[in-house]
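Trainee:
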Amino acid sequence: MAEDSNSEKAMEKELKDNAGSSEDALVVKPKKKKAKAKGKAKPQHEGKEKTHRKMKTSKEESMDFEDNGDRSSQVNVKEEPEEDPDFVTKGKGKKRKRKADNTDGPSSASEAPLPKKKKKKVAEEGQGNSATAKKKKIKEKKEKVIKEEGGRSVSTKKKKTKEEIEAARALKIKKKEEEEKQRWRWWEEEKYENGVKWKFLEHKGPYFPPEFQPLPDDVKFYYNGKPVKLSLPAEEVALFFAQMLDHEYTTKEVFRSNFFKDWRKEMTLEERQLIMDLNKCDFGELHAMHKQKVEARKNLSKEEKLVNKEANQKIVDEYGFCVLDHHRERIGNFKIEPPGLFRGRGDHPKQGMLKKRIQPEDVIINCSKDSRIPEPPAGHQWKEVRHDNTVTWLASWNENVQGSCKYVMLNANSKLKGEKDWEKYEVARKLKTCVDAIRAQYQDDLKSKQMGTRQRAVALYFIDKLALRAGNEKEEGETADTVGCCSLRVEHITLHDTLDGEKCVVEFDFLGKDCIRYYNKVPVTKKVFKNLKLFMENKQEGDDLFDRLNTQLLNKHLSSLMPGLTAKVFRTYNASITLQQQLKELSNMKDNVAEKLLSYNRANRAVAILCNHQRAPPKTFEQSMANLQSKIDSRKEQLDLAKKELKQAKKEAKGTSDNKLLIVVEKKKKAVQRCEEQLLKMEVQATDREENKQIALSTSKLNYLDPRISVAWCKNMEVPLDKIYNKTLRDKFAWAIDMTEHDFVF
DNA sequence: AACGGTACTTAGAATTCATTAG
DNA sequence: CTAATGAATTCTAAGTACCGTT
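Per our numbering, residue 494 is the first one in the first sequence, and the count goes up by one each step.
1. In angstroms with no decimal places, state the Cα-to-Cα distance between Asp1224 and Gly911.
2. Please classify Asn801: does DSSP put it in a helix, a strand, or coil?
3. Between the Cα of Lys1006 and those of Cys1207, Ala933 and Gln1107, spot the shortest distance and give me the residue it belongs to.
4. Which of the three DSSP states, helix, strand or coil, is assigned to Asn859?
5. Taking the alpha-carbon of Glu1000 as reference, which of Pro1016, Ile1009, Cys1008 and Gly994 has the nearest alpha-carbon?
6. Going by DSSP in three states, Val1212 sits in which element: helix, strand or coil?
7. Rounded to whole angstroms, what's the CA-CA distance from Tyr742 to Gln1171? Just pull it up for me.
8. Please report the residue range of the alpha helix (DSSP H) in which Tyr1066 lies.
9. Which two residues bound the contiguous alpha helix (DSSP H) that contains Asn1219?
10. Starting from the C-beta of Gly1122, find all residues in its chain whose C-beta is less than 8 Å away, skip the five residues before and the five after it, and write them out in chain order.
11. Please report the residue range of the beta strand (DSSP E) in which Cys927 lies.
12. Where does Lys1020 sit, in a helix, a strand or coil, going by DSSP?
13. Give me the Cβ distance between Tyr700 and Lys828, rounded to the nearest whole Å; I'm assuming they're in contact under 8 Å.
14. Reducing DSSP to helix, strand and coil, say where Arg949 ends up.
15. Using C-beta distances below 8 Å, list every residue in its chain close to Leu1090, excluding the 5 sequence neighbours before and after it, in chain order.
16. Around the Cβ of Lys795, are there at least 16 other Cβ atoms within 10 angstroms (buried) or fewer (exposed)?
17. How many Å lie between Trp1228 and Ser1053 at the Cα?
18. Label Leu889 either buried or exposed according to how many other C-beta atoms from any shown protein chain fall within 10 Å of its C-beta, with 16 as the threshold for buried.
19. Can you tell me where the alpha helix (DSSP H) holding Ser889 begins and where it ends?
20. With Asp1231 as the anchor, note down where its alpha helix (DSSP H) starts and where it stops.
21. Tell me whether Cys1008 is buried or exposed, calling it buried when 16 or more other Cβ atoms sit within 10 Å of its Cβ.
22. By DSSP, does Lys848 sit in helix, in strand, or in coil?
23. Please look up how many angstroms separate the CB atoms of Cys978 and Ala950, rounded, as I've assumed it's under 8 Å.
24. If you run the structure through DSSP and keep just helix, strand and coil, what is Phe753?
25. Any idea which residues DSSP pairs Gln1107 with across the strands?
26. Can you say whether Leu873 is buried or exposed, counting buried as having 16 or more other CB atoms within 10 angstroms of its CB?
27. Give the secondary structure of Arg867 by DSSP, where H, G and I count as helix, E and B as strand, and everything else as coil.
28. Have a look at Gly845, Leu887, Phe705 and Glu686 and flag the residue whose alpha-carbon is nearest the alpha-carbon of Lys862.
29. Starting from Lys684, trace the beta strand (DSSP E) both ways and give me its first and last residue.
30. With DSSP as the reference, label Ile808 as helix, strand or coil.
31. Span of the beta strand (DSSP E) holding Asp1001?
32. Using only alpha-carbon positions, find the residue among Asp1151, Glu811, Gln1116 and Val1165 that is nearest to Glu1183.
33. Name the one or two DSSP bridge partners that His820 has.
34. Can you tell which of His820, Glu892, Ile1102 and Trp679 has the C-alpha that lies nearest to the C-alpha of Asp855?
35. For Arg1095, name the three-state secondary structure that DSSP assigns.
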């Protein structure tokens, strides 16, 4: 270690002494203990392993970052050639566009003369809109019902249905009003000071999963072909495995061996001596039983399902809510996680390990001293009951696989979560006011004499331009090998002096959070490119790209530039500003609602691509795509037929002035037109679906896009809010829906 | 600076529910 | 009506960030 710090000093000194020309003096500084271990472990699995690690392949081609063109070039605004002429970038064609747009959001794009109203008025109006929409829908339904039953002679049934619908509608509206009245408008209240999260908190404690039900006698486990009656604990764990047999997990060697190791720990001595090889285990009957149970549950009668539903509702009513400062709030996860086999993502070294059953003795309860303390289940005790009002959790326990803490917390629609969310977007908006200065600064820092500062500048450039995550360090061997910006290693990027006609291209290929692959080819400024070359000198696979940087250093620097600023704020900021910009660009007041929604989704998609929010293509994707295609094909045939008929009709009508024939021609013409329209609609739907094949819009909608942008857009575009936000989202963003005026600008 | 721990947000997969097509 | 499909909800893993201690 002493050596390293010496060489570090030497290097920094040299950088200082010979500004600009001694870049080759870089010495790799092994980063901390963890990184060191990594360096040693690395060489064993090189290149070949790389592909092996990839769990998912994203679009092979570089994701098209056209949408962010402005942002990337924004970064170069102040590209002043200084000392080092080599740093001058040639051919940066893109000029900054967005600066001028900063002040006007989507509101100014539309001339919608929405009269300015008092907050609550507007909110009511929004409500009214969706209410009328609902009414209309119900009316349509009613008509449909009447039509369907029109042929029947029984009028009582018709009436009854009518009444029922009427009643249901009334109930719905009433419920909604009730809900609105009950809603806690916390955003109109004062916030608590110095970390106090609540003054009063009362709840029932978490809900424990049902006990294990032993296998019936006729369902047997076989070892080496012979039936073996397992002890209860071993049986329970065997069933966990049996239930997953259809899953790919159970074919993976790591999963199997982890499972087997932990399973054996649950066995009796005798069992352990007998059962030595997982491959000789036959879980077939257990698996079949499980499948049968699932099937049976699916085939329950309506009544039985209703009974189940009501029982569940009772549990929710009892355990799913708490009282926080005089208000009833929904709890997000009030159920203790049931035991099972750990399902890590990607190549997780711990996949298949046994996640143990949590007992009340493992659970810490947090609530008010003066509240009714929750009762532990009969015959049990809590691990601890504490009264800490500087935290938001109601209960917590330690999880045995990763050794981390799990918490019971409130639902997203609660004050505690909402307030924090609001704050998050306010910080991001604040970044907007100083982002230009920060960008100028890191451009400048690219030329710093300090290696650490240069690395910080390049990392920040990536985080800002590409919306990369910060990239905290992780303990080696405890989790899958994934990285973020600060933890990028040299093998994760490839530098191309020129690629596809562009200069200074960086090719990224790494696994990010949840083992989602990030693959992108990005042209960068010459300065950044030169720095990257410098950082990579004398390094080999497994070495950190930014060996003098970590997230703590980065965030420390950021918070000195703006209070509350951290790496992840850039993701929020860039996501939201991109949405706002794209909405302005894409949506058009003259469009109909469907077209407007398409524009919204496209804007949303631009953000999802920026943030690399991917999903596995749905299992049924190919099928449903094929279905749609066959529909399109049959429609095409229909169109051809209609065209032929039209031709024929025209032929017949030619020369004559027979009115009948002319009418037929007109009819055929219309048929052709209708066919064409429908065909077009389906084709649009197909491309839309294809575009969304592996892009998940929900994550950005839920976590990155300031809801006020969407609410304002809906108001300006006269699109009902429930077209873009479902009930959950409307609940979560109630604060934004209530307070946002049409002229809101992020 | 390193470590170990805590608290909270973000994430895609899995499951359940509701709607539509057949 | 039933099955298929798609949307909503649930689940819990996997991140970020930061703090106190040594």
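For glycine and all other residues, C-beta sits at the position ideal for the given N, C-alpha and C.
Mentor: The structure says:
1. Rounded to whole angstroms, Asp1224 to Gly911 spans 10 Å at the Cα level.
2. In the structure shown, the three-state DSSP call for Asn801 is helix.
3. The closest CA to that of Lys1006, considering only Cys1207, Ala933 and Gln1107, is found on Gln1107.
4. The answer is strand: DSSP assigns Asn859 an E or B state.
5. Glu1000 has its Cα closest to that of Pro1016, out of Pro1016, Ile1009, Cys1008 and Gly994.
6. DSSP places Val1212 in coil when its eight states are reduced to three.
7. Distance from the CA atom of Tyr742 to the CA atom of Gln1171, rounded to whole angstroms, is 43 Å.
8. For Tyr1066, the enclosing alpha helix (DSSP H) covers residues Ala1060 to Leu1079.
9. That residue, Asn1219, is in no alpha helix (DSSP H); it is neither H nor E in DSSP.
10. The sequence shown places Gln at residue 1122, not Gly. Excluding positions up to five away in sequence, the list reads Ala1179.
11. Here Cys927 belongs to no beta strand (DSSP E); instead the alpha helix (DSSP H) covers Lys908 to Asp938.
12. Helix at Lys1020.
13. Confirmed, about 5 Å.
14. In the structure shown, the three-state DSSP call for Arg949 is helix.
15. Within the same chain, Leu1090 has close Cβ partners Val1212, Lys1216 and Ile1217.
16. It counts as exposed.
17. Taking C-alpha positions only, Trp1228 is separated from Ser1053 by approximately 30 Å.
18. The sequence shown places Ser at residue 889, not Leu. With 16 or more Cβ atoms within 10 Å of its Cβ, Ser889 is classed as buried.
19. The continuous stretches of alpha helix (DSSP H) do not include Ser889, which lies in the beta strand (DSSP E) extending over residues Ala888 to Asn891.
20. It spans Ala1227 to Met1232 - the alpha helix (DSSP H) in which Asp1231 sits, taken as one unbroken run.
21. So Cys1008 counts as buried.
22. DSSP places Lys848 in strand when its eight states are reduced to three.
23. Contact flag wrong, Cβ pair sits at about 12 Å.
24. Three-state DSSP puts Phe753 in a helix.
25. Partner(s): Ile1188.
26. Note on residue identity: the sequence assigns His, not Leu, to residue 873. His873 is classed as exposed because its beta carbon has fewer than 16 other beta carbons within 10 Å across all chains shown.
27. According to the sequence as given, residue 867 is Pro; it is not Arg. Looking at Pro867 - three-state DSSP - the assignment turns out to be coil, as it is neither helix nor strand.
28. When only C-alpha atoms are compared, the closest one is Leu887.
29. Lys684 -> no beta strand (DSSP E), and no H or E assigned at all.
30. Looking at Ile808 - three-state DSSP - the assignment turns out to be helix.
31. First, the amino acid is wrong: residue 1001 is Phe here, not Asp. Note, Phe1001: beta strand (DSSP E), Glu995 to Leu1004.
32. Distance from the Cα of Glu1183 is smallest, within the candidate group Asp1151, Glu811, Gln1116 and Val1165, for Gln1116.
33. His820 is bridged to Leu817.
34. Checking every option, the nearest Cα to that of Asp855 belongs to Glu892.
35. Helix, per DSSP.
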